[in-house]
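Peer 1: At position 99 of the sequence shown the residue is numbered 99 (our numbering), and the sequence of numbers has no breaks.
A virtual CB, placed ideally from N, CA and C, is assigned to each residue, including glycine.
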Amino acid sequence: MPANGEFNLDISGVAGFFGGDVAVTAMATVHVYRGRRWLGWYNQPGSYEVARRYGQLCSGRFWDTLYPGPNNTPALVFKFDTPQPGPKYMSAQSGASPTGHAARLLFEGCRSLPLRYTPAANHRRTSPGFLTIIDLPYAPTTPIIPRRTQGTAANLLAALSIAVSLTASALCAYLEDWYSCAVILLGVITNGVSCYVIGRGTLQFTFPEPDKDSPSGSGILIGKDELVLLRGSKPALHAITRGQFVLDYSSKPQYLDIALSSTLLSIQFLAQLLLIPQGKLSGQLIFLGTFAVSAAYNSFLSSLDIESIQRAFLLEDVLHVGPADDALPRATMEKYELGTWTTMSVLALMLLAPSAEKGMLGRILDELLPNHTDLWGYWKAQVLQNIQDKIRSGSADSDEEFRFEFSSAEGYRPLLQLLYKDSHAAAEMYAQYRGKWHSAK
1 MPANGEFNLD
11 ISGVAGFFGG
21 DVAVTAMATV
31 HVYRGRRWLG
41 WYNQPGSYEV
51 ARRYGQLCSG
61 RFWDTLYPGP
71 NNTPALVFKF
81 DTPQPGPKYM
91 SAQSGASPTG
101 HAARLLFEGC
111 RSLPLRYTPA
121 ANHRRTSPGF
131 LTIIDLPYAP
141 TTPIIPRRTQ
151 GTAANLLAAL
161 SIAVSLTASA
171 LCAYLEDWYS
181 CAVILLGVIT
191 NGVSCYVIGR
201 GTLQFTFPEP
211 DKDSPSGSGI
221 LIGKDELVLL
231 RGSKPALHAI
241 TRGQFVLDYS
251 SKPQYLDIAL
261 SSTLLSIQFL
271 AQLLLIPQGK
281 LSGQLIFLGT
291 FAVSAAYNSF
301 LSSLDIESIQ
311 RAFLLEDVLH
321 VGPADDALPR
331 ATMEKYELGT
341 WTTMSVLALM
351 LLAPSAEKGM
361 LGRILDELLP
371 NHTDLWGYWK
381 AQVLQNIQDK
391 IRSGSADSDE
401 EFRFEFSSAE
411 GYRPLLQLLY
421 KDSHAAAEMY
431 AQYRGKWHSA
441 K
């Protein structure tokens, strides 16, 4: 209790811990919205957790001792990247390759696409699968810097938080509660400086650029019950399969400016711990009021899903998906529902065939359908032979409808009959797709 014996809330013990995760998530928006780094001049909770998370960016024995924990990259700290691998990718030219956050963003975004085609009534249905076909004519360049304009509502909430904190500090001074006044003002300065320092980093989307003369490519992202087929320019394919969001600071790898910002936040935490209990009850309530307003603002910012923002940037700015608003080519995305995984696999194979390297269709089919019995091998060989003879040979460019022609030598076997039926269903869907493609031409 203070020396005058008045009751006090003694809230300083939790002031530095409450709301830290939300504050860090909210801080990530400084890299997305223009001008956001200038709007951090308010007293916010969670200074200890924020200092700890920022301090872990810094390398060096002293900083590792002061802020123990893994030295993650800035992109990982602010959740612009994840350590989890993306969906498996099979290129029709070079085989399997790992993917990362960008491929996962695209793959998950395809789940919400509306269906263009559904299985016909005569098609077999067991466990439906979904195939999204993405054509990527645009060739992006690297790096690309994502930037969005913050809405009016967010700007007004920021102004309200700043005004409340400054008014609260002035009110505490008027009430002659200099402890609460000083701590609130220190919180305003500390958070403002931290927001500016963190905002100095540049968020970039980068990917390895292929050779300028590289031909178009194709491949497929594989999920549990969904496939995403990619066709188009090599830069676009690299952006999806090998692209990543990078948060670049000029102070790397030591990040000394961030280390000093973390130190300032730690000093703020200690000031709250030591000085707020010395203040008046009215000052403590005012201090708590600034936390309530800033916590509400941080909650609003953290509700702006970073992954949704990244996904929109990837689709619109990198891949150029959406309505044409310039002379640049636009990507297209179409989603098909297939009655069985076998039907979906065969359709994907037919769509990849024109650009596939020799032997790759068989590897992709084995990846999609890892069944290696004699019967499955017999059926796979016939499917591949039909596709080789009628699509890869170039006859698919004719107006003749594609049909599978299967040998009847073992056709009496029930499972083989079902596989034949699924193959014919895939051929029907392929005919619908070609009809749409020819009409578009």
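Return helix, strand or coil for E334, following the three-state DSSP convention.
Peer 2: The answer is strand: DSSP assigns E334 an E or B state.
Peer 1: By Cβ distance, which residues of its chain are closer than 6 Å to G217, with the 5 residues on each side in sequence left out?
Peer 2: Around G217: Q93, K234 and L237.
Peer 1: So G289 is in the alpha helix (DSSP H); what residue range does that whole segment cover?
Peer 2: Counting along the chain, the alpha helix (DSSP H) containing G289 begins and ends at L281 to S302.
Peer 1: On the DSSP bridge assignment, give the partners of D135 in chain order.
Peer 2: According to DSSP, which records beta bridges pairwise, D135 is partnered with R231 and T332.
Peer 1: Go ahead and label G219 buried or exposed: buried means 16 or more other beta carbons lie within 10 angstroms of its beta carbon, across all protein chains shown.
Peer 2: By the neighbour-count rule (16 or more Cβ atoms within 10 Å), G219 is buried.
Peer 1: Using DSSP with H/G/I as helix, E/B as strand and the rest coil, what is V32?
Peer 2: Coil at V32, not helix or strand.
Peer 1: Since T263 is in the alpha helix (DSSP H), which residue starts that stretch and which ends it?
Peer 2: From DSSP, the alpha helix (DSSP H) with T263 extends over L256 to L275.
Peer 1: Quick check: the stretch 260–273 against the stretch 93–112, are there 3 or more CB pairs under 8 Å?
Peer 2: The answer is no - the stretch 93–112 does not touch the stretch 260–273, with fewer than three Cβ pairs under 8 Å.
Peer 1: Within a Cβ cutoff of 6 Å, which residues of the same chain sit near R111, ignoring the five residues on either side of it in sequence?
Peer 2: Result list for R111: empty, nothing under 6 Å.
Peer 1: Within its chain, find whatever has a CB closer than 7 Å to the CB of D399; leave out the 5 residues flanking it on each side and keep chain order.
Peer 2: With a pLDDT of 49 at D399, under the threshold of 50, the modelled position of this residue cannot be trusted, and the question is left open.
Peer 1: For A396, I'd like the list of residues in its chain whose CB is within less than 6 Å of its CB, leaving aside the five on either flank, ordered along the chain.
Peer 2: Bear in mind that the predicted position of A396 carries a pLDDT of just 49, short of 50, making it too unreliable to give a figure here.
Peer 1: Do you know how far the Cα of P74 is from the Cα of K335?
Peer 2: When rounded, the distance between both Cα atoms is 35 Å.
Peer 1: At which residues does the alpha helix (DSSP H) containing L384 begin and terminate?
Peer 2: L384 -> alpha helix (DSSP H) spans D374 to I387.
Peer 1: Which residues share a DSSP beta bridge with Q204?
Peer 2: DSSP, once it has assigned bridges, lists V246 as partnering Q204.
Peer 1: With distances taken from CA atoms, which of A158, A139, Y117 and T142 is nearest R37?
Peer 2: Residue A158 is the option with its Cα nearest to R37.
Peer 1: Between the alpha carbons of K252 and I133, how many angstroms are there, rounded?
Peer 2: When rounded, the distance between both Cα atoms is 40 Å.
Peer 1: Out of G40, V32 and R52, which has the shortest C-alpha to C-alpha gap to G20?
Peer 2: Nearest C-alpha to G20: R52.
Peer 1: Beta-carbon within less than 7 Å of D135's beta-carbon, same chain only, minus the 5 sequence neighbours each way: which residues are those?
Peer 2: So the qualifying residues of the chain are R231, G232, A331 and T332.
Peer 1: For the 8 Å Cβ check, are there 3 or more pairs between the stretch 418–429 and the stretch 339–354?
Peer 2: Judged by Cβ distances under 8 Å, the stretch 418–429 makes contact with the stretch 339–354, as three or more pairs qualify.
Peer 1: What's the call for L328, buried or exposed, on a 16-neighbour Cβ count within 10 Å?
Peer 2: Flag for L328 reads exposed.
Peer 1: Short of 7 Å in beta carbon distance, which residues of its chain neighbour Y297, apart from the five on each side in sequence? Order them along the chain.
Peer 2: Only L157, A158 and S161 meet the Cβ criterion.
Peer 1: So, for G201: in the same chain, excluding its five sequence neighbours on each side, which residues have a beta-carbon less than 8 Å away from its beta-carbon?
Peer 2: Here the set comprises H31, P74, L247, D248 and Y249.
Peer 1: Helix, strand or coil for L175? Go by DSSP, reduced to three states.
Peer 2: Coil, per DSSP.
Peer 1: Could you check what DSSP says for R111 in three-state terms: helix, strand or coil?
Peer 2: Coil.
Peer 1: Between which two residues does the alpha helix (DSSP H) harbouring S308 extend?
Peer 2: Here the alpha helix (DSSP H) through S308 covers I306 to F313.
Peer 1: Pull up the distance between the alpha-carbon of G46 and that of R148, whole angstroms please.
Peer 2: About 27 Å.
Peer 1: Rounded to whole angstroms, how far is the Cβ of S165 from the Cβ of N43, which I believe are closer than 8 Å?
Peer 2: So it is a contact: roughly 4 Å between Cβ atoms.
Peer 1: Given this structure, state the Cα-to-Cα distance separating F287 from K88, to the nearest angstrom.
Peer 2: Going by the C-alpha atoms only, they are around 51 Å apart.
Peer 1: Note down, in chain order, each residue of its chain lying with its Cβ closer than 8 Å to the Cβ of P128, except the 5 sequence neighbours on either side.
Peer 2: Excluding positions up to five away in sequence, the list reads P119, D225, E337, L338, G339 and T340.
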